[in-house]
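There are 2 protein chains.
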Amino acid sequence: MEAKDRYHHGSLRKTLMDAALDSLEKDGLQGLSLRKLAESAGVSKTAPYRHFKDKKELLINIAADGFGMLADRLAVAGPADAAPGAEATAEAGHPAVDAGADVMRLFRAYIDFARERPALYKLMFSPLGYSLHSEKCRLNSERALGYLFSAVGKAQAAGWRSGRETRALGLSIWASVHGWATLLIDNLLPEWIAGNGDEWIAHAQALLI
Amino acid sequence: MEAKDRYHHGSLRKTLMDAALDSLEKDGLQGLSLRKLAESAGVSKTAPYRHFKDKKELLINIAADGFGMLADRLAVAGPADAAPGAEATAEAGHPAVDAGADVMRLFRAYIDFARERPALYKLMFSPLGYSLHSEKCRLNSERALGYLFSAVGKAQAAGWRSGRETRALGLSIWASVHGWATLLIDNLLPEWIAGNGDEWIAHAQALLI
DNA sequence: GAATAATGTTGACGCTGCCTACATTCGCGA
DNA sequence: TCGCGAATGTAGGCAGCGTCAACATTATTC
């Protein structure tokens, strides 16, 4: 925006991260190259190495942010009593009526996120196993899963599948939602369900409800 | 094995496919390069292009074979009456007792396959969307899923979750098993479940049973 | 046996990640 | 205010990759 001809960029790290996210959305993980990012930031091809040890480290940071975004989404879509101004609905008091509904809302939010940012979601769960090597990745993913697990626990307390161990049920739900997300993203489902709509929900409920 | 100095390889295509599968298991998709495959086959770097249009076409064929292998696995692990010599158990006649057991056996076989050949499994469901672009891929994957769906249908006929639509339930089961497979493969589960053992089964049953 | 198709080779191009050596600028302590 | 070290950016180069075009060799077929 300002003088472009100064030696130091000023905020190259953030610029590269933003550009990487854009590139991911546009061309996928395949099309993301450090050199292109550098060029788009108006900087030489090796400048990125002052901020990231290598390409993998950049991607790990992107993935970590992705888990953060997912966690934020789930937080917003979480159980009513976790959202601000929830006391009202709590007072209204129909606790056990739609016990599974909260879980289903998270399920939905999770998949919405994955479908909005498919390349990012794939990166987050990519072959390189990013989430294991980064503390930030681990923390954010644990936060995201935390919302899911606590919703499952509360739903159980309200009578939904109360017989099962919460830990086991939570992991099963996670596996299920992750499976749906990847199948939807990769367009592996038959046409009568793979559209952009919510037809998948009716099917997913066959197992969940 | 024989004279190595003849101009034509004789079975380069198959050799390349085998080498590709090996490379996949050993170094993952990342480490697979056409040039290395060519060299391991004792052939020049561009020779593979006489048998595959490009790298992607090779991988699509590998993926198609993978779906074939998966289908074979599921066929063997399928409902007892589909296996040879099953009349005996059928005569014994406890049809509805463990209606979900057949589904669970397929579930197990599916995940065993994925864990034995993680790189191949990931390729089969990789970002490139292989299964869509190849007839062989599509047919083999449909065969594999066919076993799963028919097991679900039979289990329903025997009383297991009989209220649900088979198509929806089958897809949900597939999403679930696929989710478990990828989470296990990528080591994203907590240590207390991610071992090589079958601890995951107890957890998966929390949703399935 | 000659024409033709199938198969393999050579050399090159552009792209990539990343290394080493060097240049510029920033920020802090004297 | 100066100067020095740290932070940041640049230039050039290397090896590996997928792929293309041109050419060589062998198999097949009339």
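Protein chains in written order, with the working numbering: chain A, 1 to 209; chain B, 1001 to 1209.
Note that the Cβ used here is the ideal one computed from N, Cα and C, for glycine as well.
Among the CB atoms of chain A, none fall inside 8 Å of the CB of B/D1065. Any Cβ of chain A closer than 8 Å to the Cβ of B/E1025 would place that residue at the interface, and such an atom is absent. One Cα belongs to B/G1078, the other to B/L1148, and the distance between them is close to 8 Å.
A direct Cα-Cα distance of roughly 38 Å separates A/D18 from A/T166. Cα atoms of B/G1146 and B/A1075: separation of roughly 9 Å, rounded to the nearest angstrom.
With respect to chain B, the C-beta atom of A/F52 has no partner C-beta closer than 8 Å.
For B/H1203, the CB contacts under 7 Å within the same chain, skipping 5 residues up- and downstream, are I1193 in chain order.
A/F113 and A/I201 have their C-alpha atoms roughly 15 Å apart. Taking all protein chains shown into account, B/L1132 has fewer than 16 neighbouring C-beta atoms within 10 Å of its C-beta and is therefore exposed. Here the region 1005 to 1022 of chain B lies against the region 1043 to 1060 of chain B, with 3 or more beta-carbon pairs under 8 Å apart.
Considering only A/L37, A/L208, A/I60 and A/S33, the residue with the shortest C-alpha distance to A/L123 is A/I60.
In the three-state reduction of the DSSP assignment, B/W1174 falls in the helix class.
Between B/A1099 and B/A1168, the beta carbon gap of about 18 Å keeps them out of contact (Cβ cut-off 8 Å).
Among the CB atoms of chain A, none fall inside 8 Å of the CB of B/I1201. With its beta carbon at least 8 Å from every one in chain A, B/E1191 lies outside the interface. Residues of chain A whose Cβ lies closer than 7 Å to the Cβ of B/W1160 do not exist, since the nearest Cβ in that chain is about 12 Å away. Just measuring C-alpha positions, the residue of B/L1184, B/C1137 and B/I1173 sitting nearest B/R1115 is B/L1184.
Annotation for B/P1118: the continuous alpha helix (DSSP H) segment containing it runs P1118 to M1124. Going by beta carbons, B/K1055 and B/L1024 fall outside the 8 Å limit.
The beta carbon of B/A1019 sits no closer than 8 Å to any beta carbon of chain A.
Around the C-beta of A/R6, fewer than 16 other C-beta atoms lie within 10 Å, and the residue is accordingly described as exposed.
In the assembly as shown, A/K154 is a buried residue. Its beta-carbon has 16 or more other beta-carbons within 10 Å. Within the same chain, and ignoring the five residues on either side of A/A64 in sequence, the residues whose Cβ sits closer than 7 Å to its Cβ are S134, K136, C137 and N140.
Note on A/S162: under 16 other CB atoms within 10 angstroms of its CB, so exposed under the neighbour-count rule. Boundaries of the alpha helix (DSSP H) harbouring A/F149: E135 to A157, taken from the DSSP string.
Contacts between B/I1173 and chain A, judged by CB atoms closer than 8 Å, involve L207 in chain order. Contact of B/R1105 with chain A is not assigned, every C-beta pair being separated by 8 Å or more.
Take the alpha-carbon of A/F52 and the one of A/Q30: they are about 19 Å apart.
Under the Cβ distance rule, A/N187 counts among the residues neighbouring chain B, one pair being separated by less than 8 Å.
By the Cβ neighbour-count rule, A/S172 is buried, with 16 or more other Cβ atoms within 10 Å of its own. When 9 Å is used as the limit between beta carbons, A/A109 is near no residue of chain B, the shortest such separation being about 17 Å. The Cβ of B/H1178 sits closer than 8 Å to at least one Cβ of chain A. In this structure A/V177 is in contact with A/F107, their Cβ atoms being roughly 5 Å apart against a cut-off of 8 Å. A residue is called buried once 16 or more other Cβ atoms fall within 10 Å of its Cβ, and B/G1179 is buried on that count. Shown here for A/P118: same chain residues with a beta carbon closer than 8 Å to its own, the five before and five after excluded, namely I185 in chain order.
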